[in-house]
Amino acid sequence: MNDKKLKDCNLREEGINIIGIRRNSGNYIGTPHGETKITEGDELILYGRKKSLHNLEQRKQDSSGQYEHEKAKEEQSKERSIQDKKDEQSQT
1 MNDKKLKDCN LREEGINIIG IRRNSGNYIG TPHGETKITE GDELILYGRK
51 KSLHNLEQRK QDSSGQYEHE KAKEEQSKER SIQDKKDEQS QT
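Start counting the sequence shown at 1; every next residue gets the next number (the UniProt record's numbering).
Here it is, written out as structure tokens:
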């Protein structure tokens with residue numbers, strides 16, 4: 001993810017939100033926006049399901065990583081549907 005803008009990482013599609021970045025310089029960026037660029041040495045502060053975060057941590061930066069990204073997007077879509085149904089049921 002080095003030298004990529006946050007919006008190009010598409011992590012939100014996997015149910016992962018970047019809530020902060022600690023730069024190698026020690027500077028902290030809270031609630032970064034889509035145009036914020038990830039640079040080498042950045043520490044990302046993430047929020048998401050434990051499984052999603054673990055899978056991201058293990059992901060390689062090659063075609064297999066892209067496959068894992070697509071798979072994670074599908075899983076998140078299914079999870080969102082389940083959550084939406086539960087929410088609807090709780091409101092009736």
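Think of the CB as a built atom: it goes at the ideal place given N, C-alpha and C, for glycine as much as any other residue. Predicted, not measured: the structure shown is a model, and the values here were computed from it.
TODO: Per DSSP, which residues does R22 bridge with? Please list them.
DONE: Position 22 of the sequence shown, counting from 1, holds the residue named residue 22. Answer is Y28, E43.
Task: C-beta contact flag for G15 and R49 at 7 Å - done: Here the question's residue 15 lines up with position 15 in the sequence shown. Here the question's residue 49 lines up with position 49 in the sequence shown. Contact flag set, yes.
Open item on the list: Measuring only the C-alpha atoms, how far is R80 from A72?
Closed with: Position 80 of the sequence shown, counted from the first residue, corresponds to residue 80. Position 72 of the sequence shown, counted from the first residue, corresponds to residue 72. Cα to Cα, the separation comes out at about 12 Å.
Open item on the list: Among H69, T39, E35, H33, whose alpha-carbon lies nearest the alpha-carbon of G26?
Closed with: On the sequence shown, position 26 is the one that residue 26 refers to. Nearest option by C-alpha distance: T39.
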